[in-house]
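Read the structure below first, then the notes.
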Amino acid sequence: MEAVDSSGVGIKKENHLKEEKAFKTKMVLIGSIVLAVFCLALLIVWFVTWKVTASGSPEPQRLKAEKTNSSKPFSGNTSTATNPITNLTTTPPKKVCKTPACIALSYKLFSFGNKSVDPCVNFYEHACGRFSEHGISSSVPVWKTEIVHEAIADYVHRNKNAKTNSTSETILKQMFLLCEKEKIKKEQDISFYREVLADIKKVGIWPMIDPSFDESAFNMTQYLENMLVKIGLISFGIYSLDLHDVDVALKWDNRVNKGQETYDLEEFQKFARVANIQTDQKTIDSDMTEYARLQDRLGALRTATWHDGYGWAYHSDFEDLYSKNPLLNLESLINYFKSPNRPKITEFFNNHFTSWGTNMFVTSGNISLHQLILDTSPRSLANIFTFRVFQNALDVVTIKDSCAAFVAKKMPKDSLRIYMRNYFKKESRKLGAELANKMIQAYMKMFESSTWLHESTKKMNLRDVNLTRIVVGYSEELEESGDIDQIYDEFIDVSPSDSFYVLNRKMQSFIRKTHVHDLALGLYIPELAPLEFTAYFTPGQRLFVLPFRHLESPSFDASLPDVARIAIVGDTIGHKMRKFSNAQDFDNWDEKDREEYNKRIKCWTEQYVDYGVSSGRTLDGETTLDENYSDHLGITTAWSAYKELKDEKEDISIVGFEDYPPDKLFFHARALKHCNTNNAREQQISEGYSVSDFRVNGVLANMEEFAETFQCPVGSPMNPEKKCKMF
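The sequence shown runs contiguously to residue 727 in full-length UniProt numbering.
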């Protein structure tokens with residue numbers, strides 16, 4: 001009986017052990033499954049988080065932000081939200097850009113903004129709120145001039161011994177290499193002073209250093225003609241010829257203004273000592289006293305004839321100028337620039353020769369330049385003419401910056417040509433031209449679709465736009481082989497043995513002649529306009545230049561989506577288009593159109609002041625009106641151009657923002673242009689510029705398209721009920 005009982009107990013124990021082992025095995029399996037599920041959940045959470053972050057969605061969580069309509073009133077609370085990823089584009093893009101330019105833009109889009117700020121409350125903070133944390137003092141890139149200067153230096157050093165058939169390139173290399181030798185010198189040597197003395201003698205006798213001067217034999221007309229023809233000077237001490245971007249004007253000579261007498265006298269004494277010129281100190285003292293007195297009289301005449309205190313006096317009747325200034329030999333002055341092979345130059349002078357900034361050339365009696373000349377001794381006049389030759393010699397050999405900068409200023413077209421042919425991506429120019437044309441078409445379409453402008457006003461403004469000359473990067477003549485060299489062959493004769501001074505004196509004359517030549521043919525572009533920081537427009541010429549700085553910016557790279565290029569560079573072009581249509585000149589506008597325009601434009605003045613009040617700052621809406629309204633035109637025109645293009649082409653997405661809607665990318669990329677530090681914004685206020693945050697928030701708040709894109713409720717800061725609108 002006991003044996004049976006013992007066996008039963010053993011069997012039960014054995015069964016219990018089996019059940020316990022099976023239970024433990026089951027628990028291990030369950031635990032493994034739970035752990036696997038937990039890990040998988042973590043992996044999913046991590047992936048979703050990474051995807052949202054990588055997509056760069058700038059949407060903070062806010063109340064029904066993505067599912068509510070922008071027409072819904074603003075409740076004042078936008079902090080609670082559904083998951084913003086639910087509103088992202090679901091159709092995957094066909095192409096993702098992963099180039100350095102796209103990566104750079106992706107980084108800015110993700111890193112510069114404070115994503116905790118609702119874009120419907122403060123889009124500037126949302127896009128630029130963390131800009132200062134990145135150690136960037138300004139959003140402005142390196143000036144393009146510096147890059148071009150480095151390229152010029154690199155090119156000359158690598159090709160200084162290479163033969164070329166280009167006259168302009170030969171002269172540029174000669175000037176650059178002579179400049180480098182010149183910079184090594186501690187002071188000018190005797191060869192320089194001998195060349196200067198020889199030039200002075202070509203003009204006439206310098207009474208201060210030559211006792212043979214005879215006042216009775218003094219011929220003022222001959223002195224002036226020699227200065228012009230033999231030396232190439234157009235600044236004569238008592239007056240000068242000023243070459244504008246539209247015309248050629250008579251004006252005063254700034255170089256003889258007071259302030260440099262001590263420097264000039266020290267240089268003169270050095271000149272006399274090194275050149276071994278015998279001088280009499282009493283004569284020098286007496287002549288310098290008379291020279292200073294003549295300076296004072298010229299300054300007083302300038303002040304007395306300064307037009308309305310602003311200096312914008314114009315007088316374009318050549319016959320009147322000639323008759324009232326017979327001693328200035330104006331006919332020889334004009335003949336100097338004329339060319340038998342260039343009849344348009346003669347025609348140009350007939351219509352564009354004027355006086356600028358002063359009435360001293362057309363007044364009569366005691367307050368006139370003519371009377372001042374009559375009241376001045378021949379000795380004093382001869383001294384100021386010859387001293388002006390000496391001053392000019394010092395000026396042309398003064399090197400203030402690098403030799404590359406020196407050469408680029410003296411030979412801007414030739415420097416650009418070297419850069420364009422050897423370092424510039426030509427596809428960028430093609431893209432720039434296409435964008436400029438699209439922006440112009442969008443701007444004209446905006447004018448044509450105006451609901452209140454009369455047809456006469458529309459036609460006048462559209463005509464002005466059509467007359468505007470567009471230069472993208474550089475003028476066409478830089479593309480043509482031999483065009484520039486032909487001008488050099490006609491207007492300058494340089495020898496390989498020319499010294500630094502002689503070469504620069506010849507180049508000075510060449511620059512002035514070609515300036516007039518380009519004006520006459522309608523080819524003139526201000527020297528550094530293609531290298532300027534921003535787009536350039538001159539109303540007199542109706543010339544718009546989109547400079548290298550934009551075309552070679554990472555923000556305009558060919559690999560970027562079209563929407564990014566339009567938002568950043570297209571917006572810049574649009575900003576200048578207010579001047580294209582001459583919209584500030586109301587002379588030919590319909591009277592009712594003028595009234596309506598003035599009524600609407602006030603909105604931007606009031607809006608900027610109100611923006612200052614709401615942000616605790618005092619902002620001037622009058623001084624910033626032009627910039628603020630131009631910003632409005634810029635982005636509305638860019639948006640129109642983008643929407644037209646969007647219908648034609650598929651958008652490329654950028655890495656990390658594959659699911660970011662292109663419309664949002666447009667506004668976000670444009671905002672990045674204006675990211676700035678707090679200190680920079682305070683400086684903008686002190687200097688009278690529109691502050692960066694308003695150039696984002698204020699401008700976008702006027703656009704219904706922005707509110708629709710980000711689903712901003714009506715009444716929210718970025719979707720106010722009152723908006724400024726023009727056309």
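Just so it is clear, CB atoms sit at the ideal spot from N, CA and C, and this is done for glycine as well.
Pairwise C-alpha distance: residue j and residue i
i, j, result
"V101", "F131", "Looking at the sequence itself, residue 101 is Ala, so the reference to Val does not match. Those two C-alpha atoms are separated by around 19 Å."
"S497", "D247", "35 Å"
"D242", "G473", "26 Å"
"Y608", "D620", "7 Å"
"N366", "L372", "7 Å"
"L327", "N226", "14 Å"
"L543", "A408", "22 Å"
"F491", "D518", "13 Å"
"residue 730", "D483", "Any property of residue 730 remains undetermined from this structure, which presents the chain solely from 1 to 727."
"Q486", "T514", "11 Å"
"R469", "R429", "16 Å"
"W50", "T99", "Residue confidence for W50 is low, a pLDDT of 41 falling below 50, so the modelled location carries little weight; the figure read from the coordinates is stated next. Roughly 21 Å separates the two Cα atoms."
"K202", "V516", "25 Å"
"D401", "C179", "11 Å"
"Y501", "V196", "8 Å"
"E622", "Y689", "11 Å"
"F268", "D631", "53 Å"
"P141", "L672", "Its pLDDT being 45, under 50, P141 is placed unreliably in this model, and the value from its coordinates should be taken loosely. Each residue's Cα considered, the two are about 13 Å apart."
"D571", "F667", "11 Å"
"S449", "K723", "19 Å"
Reduced DSSP secondary structure (H/G/I, E/B, other) of residue i
i, result
"D118", "coil"
"A249", "strand"
"M27", "With a pLDDT of 44 at M27, under the threshold of 50, the modelled position of this residue cannot be trusted; read the value that follows with caution. In the structure shown, M27 sits in a helix (DSSP, three-state: H, G or I)."
"E589", "According to the sequence displayed, residue 589 carries Trp and not Glu. The answer is coil: DSSP assigns W589 none of H, G, I, E or B."
"C724", "coil"
"T358", "strand"
"I568", "helix"
"C97", "strand"
"V494", "coil"
"W452", "coil"
"F666", "helix"
"F349", "helix"
"W306", "strand"
"F537", "strand"
"V691", "coil"
"V407", "helix"
"V714", "strand"
"G129", "coil"
"Q188", "coil"
"P207", "coil"
"T376", "coil"
"V196", "helix"
"E552", "coil"
Distance between beta carbons of residue j and residue i, contact taken as under 8 Å
i, j, result
"T636", "M577", "At roughly 10 Å, the Cβ-Cβ gap does not stay under 8 Å, so T636 and M577 are not in contact."
"N335", "T221", "Wrong, their Cβ atoms sit about 13 Å apart, outside the cutoff."
"M411", "L172", "5 Å"
"L503", "I566", "Not confirmed; about 46 Å, so no contact."
"N676", "S692", "4 Å"
"residue 732", "T398", "Since the displayed the chain opens at 1 and closes at 727, residue 732 lies outside it and no answer follows."
"M444", "L467", "Wrong, their Cβ atoms sit about 12 Å apart, outside the cutoff."
"L105", "I654", "6 Å"
"A151", "Y524", "The pair is not a contact, with the Cβ atoms about 24 Å apart (cut-off 8 Å)."
"R302", "T358", "6 Å"
"F361", "L321", "6 Å"
Beta-bridge pairing of residue i - partner residues as DSSP gives them
i, result
"I525", "BP columns for I525 are empty, so no partner."
"S240", "S235, K251"
"R342", "S339"
"R594", "Beta-bridge pairing links R594 to no other residue."
"L546", "V472"
"S653", "V96"
Proximity test, Cβ basis, 9 Å: residue i and chain B
i, result
"I440", "You won't find chain B in this structure, because it holds only one protein chain."
(message) Tell me whether the segment 437–444 and the segment 546–554 touch, counting them as touching only if at least three CB pairs, one residue from each stretch, are closer than 8 Å.
(response) no
(request) Would you check if the segment 188–200 and the segment 370–384 touch, i.e. whether three or more CB-CB distances between them fall below 8 Å? (result) no
(message) Within 8 Å, do at least three Cβ pairs link the segment 270–283 to the segment 369–382?
(response) no
(request) Evaluate the contact criterion for the segment 109–125 versus the segment 711–720: three or more CB pairs, one atom per stretch, below 8 Å. (result) yes
(message) Tell me whether the segment 251–266 and the segment 411–420 touch, counting them as touching only if at least three CB pairs, one residue from each stretch, are closer than 8 Å.
(response) no
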